[in-house]
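K.L.:
Residue numbers (the numbering used here), protein chains in the order written: chain A, 859 to 1184; chain B, 859 to 1184; chain C, 318 to 675; chain D, 318 to 675.
Glycine is no exception: its CB is placed at the ideal position from the N, C-alpha and C atoms.
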Amino acid sequence: MSETNLVEAVNKALAWELDHDKDVVLLGEDIGLNGGVFRATDGLQSKFGEQRVIDTPLAETLIVGMAVGLASQGIRAVVEIQFMGFIYSTIDNMISHATRMRNRTRGRLTCPMVLRAPYGGGIHAPEHHSESTEAIFAHMPGIRVVIPSSPLRAYGLLLASIRDPDPVVFLEPKRIYRLQKESIEEAGVALPLDVCFTLREGDDITLVSWGAMVHETLQAAEKLAEQNISAEVIDVATIKPLDMKTILASVEKTGRCVIVHEAARTCGVGSEIAAQLAEFGLTFLLAPVQRVSGYDTIMPLYRLENYYMPSVEQILSAANAALEYA
Amino acid sequence: MSETNLVEAVNKALAWELDHDKDVVLLGEDIGLNGGVFRATDGLQSKFGEQRVIDTPLAETLIVGMAVGLASQGIRAVVEIQFMGFIYSTIDNMISHATRMRNRTRGRLTCPMVLRAPYGGGIHAPEHHSESTEAIFAHMPGIRVVIPSSPLRAYGLLLASIRDPDPVVFLEPKRIYRLQKESIEEAGVALPLDVCFTLREGDDITLVSWGAMVHETLQAAEKLAEQNISAEVIDVATIKPLDMKTILASVEKTGRCVIVHEAARTCGVGSEIAAQLAEFGLTFLLAPVQRVSGYDTIMPLYRLENYYMPSVEQILSAANAALEYA
Amino acid sequence: MGVYDNLNIPYSQYLDHHGQLHETCSDYTSDAKNLINFYKIMLRTRVFDQKAINLQRTGKLGTYASSLGQEAIGVALGAAMHANDVLAPTYRDYAVQLSRGIKMSDLLLYWGGDERGMDYEFSREDLPICVPIATHTCHAVGIAYAMKLRKQPRVMVCIIGDGATSKGDFYEALNAAGVWQLPVIFIINNNQWAISLPRDKQSATKTLAQKAVAAEIYAEQVDGNDVIACYERMHEFIERARTGGGPCLLEAISYRLSDHTTADDAQRYRSPADVEAQWQFDPISRLKTYLLENQFIDAEALDALQKQAEQEVEEQVKIYLNTATQPPEAMFDYLYETLPEALQSQRDEVMRKGKKHE
Amino acid sequence: MGVYDNLNIPYSQYLDHHGQLHETCSDYTSDAKNLINFYKIMLRTRVFDQKAINLQRTGKLGTYASSLGQEAIGVALGAAMHANDVLAPTYRDYAVQLSRGIKMSDLLLYWGGDERGMDYEFSREDLPICVPIATHTCHAVGIAYAMKLRKQPRVMVCIIGDGATSKGDFYEALNAAGVWQLPVIFIINNNQWAISLPRDKQSATKTLAQKAVAAEIYAEQVDGNDVIACYERMHEFIERARTGGGPCLLEAISYRLSDHTTADDAQRYRSPADVEAQWQFDPISRLKTYLLENQFIDAEALDALQKQAEQEVEEQVKIYLNTATQPPEAMFDYLYETLPEALQSQRDEVMRKGKKHE
Ligand SMILES: Cc1ncc(C[n+]2csc(CCOP(=O)(O)OP(=O)(O)O)c2C)c(N)n1
Ligand SMILES: Cc1ncc(C[n+]2csc(CCOP(=O)(O)OP(=O)(O)O)c2C)c(N)n1
Ligand SMILES: [Mg+2]
Ligand SMILES: [Mg+2]
């Protein structure tokens, strides 16, 4: 047991799998001696060698292409893309190959790989370093998209993602890399994929979120509690495929829902959740589903980034609108 | 005036702009002598020269990167990507540069370019040749995504897209390239972007669609009319930004809505429309919004593609479910 | 005239287009049995190819990419590779695929719109046909990395076209192969055309082989219509890589005698006379001349081979035509190892749709 | 030992690291005035750089990428380019940006999190700083294409790092520039490191210049810490391109004396002693030696230049620090030429948010 923050939890999960499965390799830029720009792979190269913790040339298409090839040989490649802003040149390989290798060969070849990337804003990073474009991956068939929001979930979900027999995009909310510490038992126990985590139970309203925004959402729930409003908080965690069962059951109970995410609103994952709530929950919805999200703008440079990102206040005002709706 | 099918309409719009704006160039693979694999650029190179109708090396990243550079010099580059399945390596340039050139330079440089690609299934094409991934582009800020569904709209909307001062992704439903002929007056008159086209008025239910699926949707409306049900049919046409005003006004009138698209369901553009209907139309929705769409699977090879694509029957059964909902 | 004319990339030709041998063969290619085998597979490939085009023309097959005139490259490669080496092919590499035991019926199934055509019975680690140009070059590097990591004496072979050499993927792959000295061979089937784009508009380089200079990878050119030279160079490259010698690149110069695919009409962009003139370099006739002139085979035996090929193709076509379509829910059955619950209802939906259409 | 050791890519050095001249200068670099101007801009760049790092350390600037030790490349380039040529820079090219009239206050605004730092007052056709590595190489090809199409006597210059040479974009751009013989110069600032990856792990090639062989583009190497050699080679390349001579590639060999950025800690992956040893090659001191030894300048004048640079930087910092933040709705105001109606409500929303925070 040790007190661990989110990025350390990532490191521990990687170390565990490298240690227990000789077919796991890591690859990415600056992940070796440098330990990754956020130190997620700190110390792993010296422990597991340059052959398994691979510093690659500066070429993202190559990295994910290699992962597809490695995976076809049964090697579980865990890729680090330095920032989500540099993930776009990997989309071709993800959508044209990784997601469909099993399908197109009718199971002859598979693609057990993980595409890790820090994502999101809020750390005063330079241009292109604050992207939240998870919806692009969530639209791809044949994939899982997993986003942890705490050290414990980072540890357990990353283990599950590496062990998953299909490709997983694992997005790490870098704003909360060092926000919070939790005790992690380093026993290699995975958490389940494909299910939401209900972080707080409540009866009056359901707040649905993922990634760093879970923290603002929890704070909003706390404030609502002060007003004697009991909010249920759901961390979606696996945003593809969606565990709508849990979300629908909650909204059936509360009748009201606010979805909170940092990504741009239009065609974000929030739209899918809202659409399904409207389709399957119309009878029990007591108020329109609200989305509190980033805007449909380019993520501004850092002086304005706080205006871009959803605030506790915005969540509260959406929640109040939903609660007051008659 | 001449009877023109959709792909010929594209050709005529390109020819008009090349003729009337010396700053327009076309670039892509096999668009010269070969006239493009669908003949959309037939005859244009011999008329306007190799300098302006440019056969490029086989490199999609280059092509769209060049378009960004050309556009920064005020040259309106109209790019043809041979099939949407080969568009993915252009995403990096679209999201990291084209969409944000104006924003990041505060208007100093802009990106008036068009990214054309044939898209969708239904022509028994080989693997990777039947993709419908418009939602990826619809999620990008700073962009327009335009999809014509008839020769007339192809002509007018493509002219508008080329003249638009910002980047436009122009997706051509290849299944209907030669389905229908319309009389086109070759006068260079553009149609408006950013608005839906109401193709058929009705009071009982709203059917919303775009691209090739508009035709199945119209057929479904015809069948409903035989049952004395009057369906309003909306062709969204510009799927980003969305003209929700028109859609909301229609659903306010009818109370019921079915959205029809060929792309995978999860995080498709249908989810955004449904989410907004649920948010702004909850009071007048008489039934859950239904989505009839492609599945969240890899587009199957052609033997099964008809099972993948929404059918008139599926639209009818969704419409009937919405109509019967009490 | 290029900037790097003094580069002197080696070029090999053993058997010229008159069927005359100019170099000393290795034991392997001195053995008539092996040459006859080359001939046999080239022939099978060509008969298959013609049949596939006919099937397409009569509506029994989807769009098909012909390998006409480029059979030597694949047959030589098939002979030079070991069974447990791995191949990453394009859509025009039937010759090597057939050599590696991929069934004609599977190739037909693929072009006939059925994913089961990629579930090969043999060479099960080979990648399926790659359509997005050059993307498989990076997969090949990953596979070669796996081989090196596991210290296996295996070699990865990746084939691409001349057009593919313009794509960034190719270069990223080459560079990485050079950095890690991986056991991977890149073979460029330079058939002079990328659909309608002629070789000289694809790149200003005098050779395509010299692109390997950008990664410090050894490269050569070979007459791609000369099955003997192809075999000799490929064999050497592959065995060198197998024993730790690192990556190599081979540009095999050939010509696309057919349209790009059955959906293409090459007369729009090149003259039939130019194509006609290229027939004199046909890889099959030159080997035939050589075999006959050296009495390695006689006309009768050649006839028998032709019949045998036709018969095999007919049988395979029958298997293809008799393969029932998958049920619609098959589109979900290999999407994930276990279908997520969220997708179960979609699978049910398409099953119902299937029932209605029955 | 590489495979292509006989390539003989030319390498130029005029001024060695002791400040000794070994080649005959052109009229331009024989003129003390021009050399003093080189010195001045290198100095300004370095003073600016140090100040920016201090601002970052004291929380007044975001992450910043230092150009320490690589000033010669940019200053030479700034002198070799015409005002109406176009530059596509990386995030480490302040020396050339300052030469081209980009204001320090704008560079600070950019790193200080404000888009207005990319709205340059001069050189308005230059691309803004490019962060996604190598993507601007293809933009450069597009711009050069525009110049050629319009028959303008202008030249496009694109700078990239050693790491960027591994990206496919770079190669696609090179190849296209070769095909169309465009007026574009690619300059590689080979500072030996791509964050933590040393040059020899980035590519197996003996030189980076030889990557141009893959596109049949002429290439040379130059001592990137020798401002005179840099200027001579760049001037020749640029004027050649201007008069229809086509593209070239120049690898300028330098060294990153700083951390990668202020967010980096280079001690994790390279020893301080190695960095220390590189200081002897510093481009500024060698030019200083040369100027002093040849009595082109005296110590007093040098002092004055130093003071002048410091003063200018102080003034520019003041402008930066006094620039009020944009209103929140600024994030919508240059998204499209005209904001689509669908986004109006979001703009209103962020304005309300702004009001609340006031
Ligand atoms: C990334 C990508 N872009 C475009 C295409 C469409 N396309 C299919 S084959 C082809 C030409 C390929 O030429 P080459 O590499 O020389 O191979 P060949 O067909 O001549 O064997 C093109 C452009 C594709 N399949 N993939
Ligand atoms: C496509 C992309 N991948 C990763 C990064 C993160 N990154 C920023 S700078 C850098 C190293 C660049 O090295 P080099 O090209 O040598 O330029 P230098 O920083 O040394 O000037 C990396 C990996 C990026 N900006 N873009
Ligand atoms: Mg070819
Ligand atoms: Mg560098």
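Closer than 9 Å by beta-carbon distance: list the chain D residues that pair up with ASN892/B, in chain order.
P.N.:
Sequence index remark: in the second sequence, residue 892/B carries index 34 (1-based). Per Cβ cutoff of 9 Å: no residues; ASN892/B is ~17 Å from chain D at best.
K.L.:
Is it true that the segment 318-335 of chain C meets the segment 344-351 of chain D, where meeting means three or more beta-carbon pairs spaced less than 8 Å apart?
P.N.:
No, the segment 318-335 of chain C does not touch the segment 344-351 of chain D.
K.L.:
When every heavy atom of ligand 3 is checked, does at least one fall within less than 8 Å of the C-beta of ASP665/C?
P.N.:
Residue numbering aside, residue 665/C sits at position 348 when the third sequence is read from its first letter. Flag unset: Cβ of ASP665/C not near ligand 3.
K.L.:
Taking its Cβ as the centre, do 16 or more other Cβ atoms sit within 10 Å of THR862/A, making it buried, or is it exposed?
P.N.:
If you number the first sequence from 1, residue 862/A lands on position 4. So THR862/A counts as buried.
K.L.:
Establish whether the CB of ILE534/C and some CB of chain D are separated by less than 9 Å.
P.N.:
Taking the first residue of the third sequence as position 1, residue 534/C is located at position 217. True, the Cβ-Cβ gap to chain D drops below 9 Å.
K.L.:
Find the residues of chain B that neighbour ILE1156/A, judging by a C-beta separation of less than 8 Å, and give them in chain order.
P.N.:
What you label residue 1156/A is simply residue 298 of the first sequence in a count that begins at 1. Under the 8 Å cutoff, chain B gives THR957, ARG958, ASN961, ARG962, PRO999, GLY1000.
K.L.:
Which chain D residues are close to PRO1099/B, counting only those with a beta carbon under 8 Å from its beta carbon?
P.N.:
Locating residue 1099/B in the second sequence gives position 241, where the first residue counts as 1. Going along chain D in sequence order, the residues near PRO1099/B (Cβ under 8 Å) are PRO657, GLU658, ALA659, LEU660.
K.L.:
For TRP874/B, does the count of other Cβ atoms within 10 angstroms reach 16, so buried, or fall short, so exposed?
P.N.:
Indexing the second sequence from 1 puts residue 874/B at position 16. The residue in question, TRP874/B, is buried, as its Cβ has 16 or more Cβ neighbours within 10 Å.
K.L.:
Name the chain C residues that come within less than 9 Å of GLU1182/B, Cβ to Cβ?
P.N.:
The residue labelled residue 1182/B in the question sits at position 324 within the second sequence. In chain order: nothing, as chain C lies at least about 18 Å away.
K.L.:
Going by DSSP, what residues sit across from PHE503/D in a beta bridge?
P.N.:
What you label residue 503/D is simply residue 186 of the fourth sequence in a count that begins at 1. Its beta-bridge partners are CYS475/D, LEU566/D.
K.L.:
Return the residues of the segment 916-931 of chain A that lie within a Cβ-Cβ distance of less than 9 Å from chain D, sorted by chain order.
P.N.:
Answer in chain order: LEU916, ALA917, GLU918, THR919, LEU920.
K.L.:
Starting from the C-beta of ILE512/D, find all residues in its chain whose C-beta is less than 7 Å away, skip the five residues before and the five after it, and write them out in chain order.
P.N.:
What you label residue 512/D is simply residue 195 of the fourth sequence in a count that begins at 1. Cβ neighbours of ILE512/D beyond the five flanking positions: HIS577, ASP581.
K.L.:
According to DSSP, is MET668/D part of a helix, a strand, or is it coil?
P.N.:
In the fourth sequence, the residue the question calls residue 668/D occupies position 351. MET668/D: helix per DSSP, three-state reduction.
K.L.:
What residues match up with TYR328/C in a beta bridge as DSSP calls it?
P.N.:
Taking the first residue of the third sequence as 1, we reach residue 328/C at position 11. DSSP output for TYR328/C lists GLN538/C as bridge partner(s).
K.L.:
Could you tell me the distance, in whole angstroms, from the CA atom of SER1169/B to the CA atom of ALA1177/B?
P.N.:
Taking the second sequence and counting its residues from 1, one reaches residue 1169/B at position 311. Taking the second sequence and counting its residues from 1, one reaches residue 1177/B at position 319. Each residue's alpha carbon lies about 12 Å from the other.
K.L.:
Taking 7 Å as the limit between beta carbons, can you name the residues of its chain near LYS1039/B, skipping five residues before and five after?
P.N.:
For the purposes of this step, residue 1039/B is taken as the residue at position 181 of the second sequence. For LYS1039/B, where only same-chain residues beyond five positions count, the Cβ hits under 7 Å are GLU861, THR862, ASN863, PRO1009.
K.L.:
With H, G and I counted as helix, E and B as strand and the rest as coil, what does DSSP make of GLU1040/B?
P.N.:
Here the question's residue 1040/B lines up with position 182 in the second sequence. Correct three-state label for GLU1040/B: strand.
K.L.:
Check the C-beta distance from ALA494/D over to ALA532/D and give it rounded, since I have them as a contact under 8 Å.
P.N.:
Counted from its first residue, the fourth sequence places residue 494/D at position 177. Counted from its first residue, the fourth sequence places residue 532/D at position 215. So it is a contact: roughly 7 Å between Cβ atoms.
K.L.:
Assign LEU638/D to one of two classes, buried (16 or more other C-beta atoms within 10 Å of its C-beta) or exposed (fewer than that).
P.N.:
For the purposes of this step, residue 638/D is identified with residue 321 of the fourth sequence, where counting begins at 1. Under this definition LEU638/D is an exposed residue.
K.L.:
Would a C-beta distance cut-off of 9 Å place LYS420/D and TYR437/D closer than the cut-off?
P.N.:
Here residue 420/D refers to the residue found at position 103 of the fourth sequence. Here residue 437/D refers to the residue found at position 120 of the fourth sequence. It is a contact, given that the beta carbons lie within the stated cut-off.
K.L.:
Would you tell me roughly how many angstroms separate the C-alpha atoms of VAL1072/B and VAL1118/B, rounded to the nearest one?
P.N.:
Translated into positions along the second sequence, residue 1072/B becomes position 214. Translated into positions along the second sequence, residue 1118/B becomes position 260. In a straight line, the C-alpha of VAL1072/B is about 8 Å away from that of VAL1118/B.
K.L.:
How would you label VAL972/A, buried or exposed, when you count the other beta carbons within 10 angstroms and need 16 or more for buried?
P.N.:
As a working note, residue 972/A is residue 114 in the first sequence. By the 10 Å Cβ count, VAL972/A comes out buried.
K.L.:
To the nearest angstrom, how far is it from the Cα of VAL1150/A to the Cα of VAL1116/A?
P.N.:
The residue you call residue 1150/A lines up with position 292 of the first sequence. The residue you call residue 1116/A lines up with position 258 of the first sequence. Taking the straight line from one Cα to the other gives about 7 Å.
K.L.:
Does the separation of the CB atoms of THR919/B and CYS455/D fall below 9 Å?
P.N.:
For the purposes of this step, residue 919/B is identified with residue 61 of the second sequence, where counting begins at 1. For the purposes of this step, residue 455/D is identified with residue 138 of the fourth sequence, where counting begins at 1. Contact: yes.
K.L.:
Got a sec? Which residues, its chain only, sit under 6 Å from ALA382/D by beta carbon, not counting five neighbours each side?
P.N.:
The count along the fourth sequence starts at 1 and reaches residue 382/D at position 65. Same-chain partners within the cutoff: TYR408, ARG409, THR578.
K.L.:
Tell me which residues share the same chain as ILE912/B and place their Cβ nearer than 6 Å to its Cβ, disregarding the 5 neighbours each side in the sequence.
P.N.:
Working through the second sequence from its first residue, we reach residue 912/B at position 54. Correct list, in chain order: LEU885.
K.L.:
So the alpha helix (DSSP H) SER988/B belongs to, where does it begin and stop?
P.N.:
The count along the second sequence starts at 1 and reaches residue 988/B at position 130. Taken as a continuous stretch (DSSP letters only), SER988/B belongs to no alpha helix (DSSP H), as it is neither H nor E.
K.L.:
What in chain A is Cβ-close to LEU566/D, meaning under 8 Å?
P.N.:
Counting from 1 along the fourth sequence, the entry for residue 566/D is found at position 249. Chain A residues near LEU566/D: none, gap ~18 Å exceeds 8 Å.
K.L.:
Does any heavy atom of ligand 1 sit closer than 8 Å to the C-beta of HIS986/B?
P.N.:
For the purposes of this step, residue 986/B is identified with residue 128 of the second sequence, where counting begins at 1. True, at least one ligand heavy atom lies under 8 Å from that Cβ.
K.L.:
Would you grab the beta carbon distance between GLY1152/A and ALA1122/A for me? Rounded to a whole angstrom, and I think it's under 8 Å.
P.N.:
Reading the first sequence from its first residue, position 294 is the one you call residue 1152/A. Reading the first sequence from its first residue, position 264 is the one you call residue 1122/A. Yes, they are in contact, since the Cβ atoms of GLY1152/A and ALA1122/A sit about 5 Å apart, within 8 Å.
K.L.:
So for GLN1148/B, helix, strand or coil by DSSP?
P.N.:
Here residue 1148/B corresponds to residue number 290 of the second sequence, with the count starting at 1. DSSP places GLN1148/B in strand when its eight states are reduced to three.
K.L.:
Starting from the beta carbon of PHE944/B, find every residue of chain G whose beta carbon is closer than 8 Å, and list them in chain order.
P.N.:
Here the protein chains are A, B, C and D, and chain G is not one of them.
K.L.:
Compute every distance between the C-beta of ALA511/D and the non-hydrogen atoms of ligand 4, then say whether any falls below 8 Å.
P.N.:
Taking the fourth sequence and counting its residues from 1, one reaches residue 511/D at position 194. ALA511/D Cβ: within cutoff of ligand 4.
K.L.:
By Cβ distance, which residues of its chain are closer than 6 Å to THR452/D, with the 5 residues on each side in sequence left out?
P.N.:
Here residue 452/D refers to the residue found at position 135 of the fourth sequence. Closer than 6 Å at Cβ, skipping near neighbours: ASP486.
K.L.:
Give every residue of the same chain whose Cβ lies closer than 6 Å to the Cβ of PRO564/D, excluding the five residues on either side of it in the sequence, and list them in chain order.
P.N.:
For the purposes of this step, residue 564/D is identified with residue 247 of the fourth sequence, where counting begins at 1. Correct list, in chain order: ALA494, LEU499, VAL501, ILE534.
K.L.:
Below 9 Å between beta carbons is the criterion; list the residues of the segment 1011-1028 of chain B that meet it against any residue of chain D, in chain order.
P.N.:
Hits within the stretch, in order: ASP1022, PRO1023, ASP1024.
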